[in-house]
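Chemist: Sending over a structure as structure tokens; questions will come in a sec.
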Amino acid sequence: MKNHLKRIAAPRTWVINRKERKYIVRPNPGAHSFDFGLPLGLLLRDAFKVAATMAEAKKLLHNNEILVDGKQRKNHRFIVGLFDVVTLPVLKKSFRIVLDNKGRVAVKEVSGTEAQQKLCKVVGKNVGKKGILHYHLHDGRTLNSDIKANVGDSLLITFPKIEVKETIALTPGNQVFLTRGKHGGAQGQLKTIKGKEATFTSDGKEVETAKAYLFVTGKTKPLITITL
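Quick note on our numbering: the sequence shown kicks off at 3 and runs consecutively.
And the structure:
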């Protein structure tokens with residue numbers, strides 16, 4: 003695998019200066035898709051601005067406790083994606099990965115309980131030994147639990163100790179966030195689901211989209227901060 007990526011070829015969802023340098027660090031393959039994940043070193047340098055160079059970012063990762071969803075990470079290529087929380091204990095700051103209103107990857111500072119919880123979308127499930135359900139989540143983790151949830155639903159989980167605090171069903175009336183498409187980054191109330199298609203209202207307008215693009219975030223309002 004190549005170590006670097008030409009800036010001009012980077013995903014359009016990355017908010018970067020494409021003419022500043024020729025290359026940009028390439029994230030390692032991981033839980034999140036290339037389009038909606040950024041390398042940790044790039045976040046430290048360009049988004050959080052706690053390092054002036056990638057060399058400084060690497061030094062920070064080696065010498066300091068940089069946490070992603072409560073776990074220490076040291077690789078500057080580690081991919082951080084949608085709704086992950088990066089915590090810098092030395093600065094007592096935490097940041098959530100979100101999308102802006104154009105569907106591009108962005109960061110939002112969070113604090114308190116917000117910095118210790120996230121929403122995860124159920125992208126698959128199967129039954130394991132002794133009938134225990136295995137839920138596969140959008141951030142790559144597999145959760146073994148006796149909770150009742152369907153593919154497309156969301157789970158509010160805490161970390162570093164993983165606990166499911168709430169399950170939100172992908173059903174009409176609940177709040178949703180659009181992760182892809184020309185309306186990526188929009189949020190509103192889910193109106194209908196018909197097969198692979200869905201409609202939701204956003205800013206008073208009814209929007210048609212693919213069901214797969216929906217991320218349910220709450221019943222009357224999002225359970226976490228999901229936008230800038």
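Glycine included, every Cβ here is placed at the ideal spot set by N, Cα and C.
Quick caveat: nothing in here was measured; it's all calculated off a predicted structure.
State the start and end residues of the unbroken alpha helix (DSSP H) segment that holds His64.
Modeler: Here residue 64 refers to the residue found at position 62 of the sequence shown. Start and end: Met56 to Asn65.
Chemist: Does the region 97–110 come within contact of the region 57–73, defined as at least 3 CB pairs closer than 8 Å?
Modeler: Result no; under three Cβ-Cβ pairs closer than 8 Å.
Chemist: With a Cβ-Cβ cutoff of 7 Å, do Lys193 and Thr201 count as a contact?
Modeler: As a first step, residue 193 is located in the sequence shown; it is residue number 191 there, counting from the start. As a first step, residue 201 is located in the sequence shown; it is residue number 199 there, counting from the start. Against a cut-off of 7 Å, the Cβ pair of Thr201 and Lys193 comes out as a contact.
Chemist: What residue ranges within the region 10–50 form continuous beta strand (DSSP E) runs of no fewer than 3 residues, ordered along the chain?
Modeler: Fully enclosed beta strand (DSSP E) runs of 3 or longer: 25–27 and 39–41.
Chemist: Going by beta carbon distance, what residues of the same chain come within less than 6 Å of Asn146, once the five residues before and after it are set aside?
Modeler: Working through the sequence shown from its first residue, we reach residue 146 at position 144. Cβ within range, chain order: Ile134 and His136.
Chemist: Does the region 6–17 come close enough to the region 29–43 to have 3 or more Cβ pairs within less than 8 Å?
Modeler: Touching, per the Cβ criterion.
Chemist: In whole angstroms, what separates the C-alpha of Arg23 from that of Pro31?
Modeler: Your numbering for residue 23 matches position 21 in the sequence shown. Your numbering for residue 31 matches position 29 in the sequence shown. Taking the straight line joining both Cα atoms gives about 23 Å.
Chemist: Over the uninterrupted beta strand (DSSP E) stretch that includes Arg98, give me the two end residues.
Modeler: As a first step, residue 98 is located in the sequence shown; it is residue number 96 there, counting from the start. Arg98 -> beta strand (DSSP E) spans Lys95 to Leu101.
Chemist: Just to confirm my understanding: we take Ala188, look at its own chain, exclude 5 residues before and 5 after, and list those with CB closer than 6 Å. What are they?
Modeler: Here residue 188 refers to the residue found at position 186 when the sequence shown is read from its first residue. Closer than 6 Å at Cβ, skipping near neighbours: Leu180 and Ser204.
Chemist: Using the DSSP secondary-structure output, state which residues sit across from Ile170 in a beta bridge.
Modeler: The count along the sequence shown starts at 1 and reaches residue 170 at position 168. According to DSSP, which records beta bridges pairwise, Ile170 is partnered with Ser156.
Chemist: Classify Ala108: buried if its beta carbon has 16 or more other beta carbons within 10 angstroms, exposed otherwise.
Modeler: Counted from its first residue, the sequence shown places residue 108 at position 106. By the 10 Å Cβ count, Ala108 comes out buried.
Chemist: Between the beta-carbon of Ile149 and the beta-carbon of Thr173, is there less than 7 Å?
Modeler: As a working note, residue 149 is residue 147 in the sequence shown. As a working note, residue 173 is residue 171 in the sequence shown. Cβ atoms of Ile149 and Thr173: not closer than 7 Å.
Chemist: If the criterion is Cβ atoms closer than 7 Å, does the pair Gly43 and His78 meet it?
Modeler: Position 41 of the sequence shown, counting from 1, holds the residue named residue 43. Position 76 of the sequence shown, counting from 1, holds the residue named residue 78. Cβ atoms of Gly43 and His78: closer than 7 Å.
Chemist: Roughly how many angstroms separate the alpha carbons of Lys196 and Ala171, rounded to a whole number?
Modeler: By 1-based counting over the sequence shown, the position of residue 196 is 194. By 1-based counting over the sequence shown, the position of residue 171 is 169. If you take the alpha carbons of Lys196 and Ala171, they lie about 16 Å apart.
Chemist: Please determine, among Lys21, Leu93, Lys184 and Gly206, the residue with the shortest C-alpha to C-alpha distance to Glu111.
Modeler: Locating residue 111 in the sequence shown gives position 109, counting from the first residue. For Glu111, the nearest C-alpha among the options comes from Leu93.
Chemist: Flag this pair as yes or no: are the beta carbons of Val100 and Val124 separated by less than 7 Å?
Modeler: Counted from its first residue, the sequence shown places residue 100 at position 98. Counted from its first residue, the sequence shown places residue 124 at position 122. Against a cut-off of 7 Å, the Cβ pair of Val124 and Val100 comes out as no contact.
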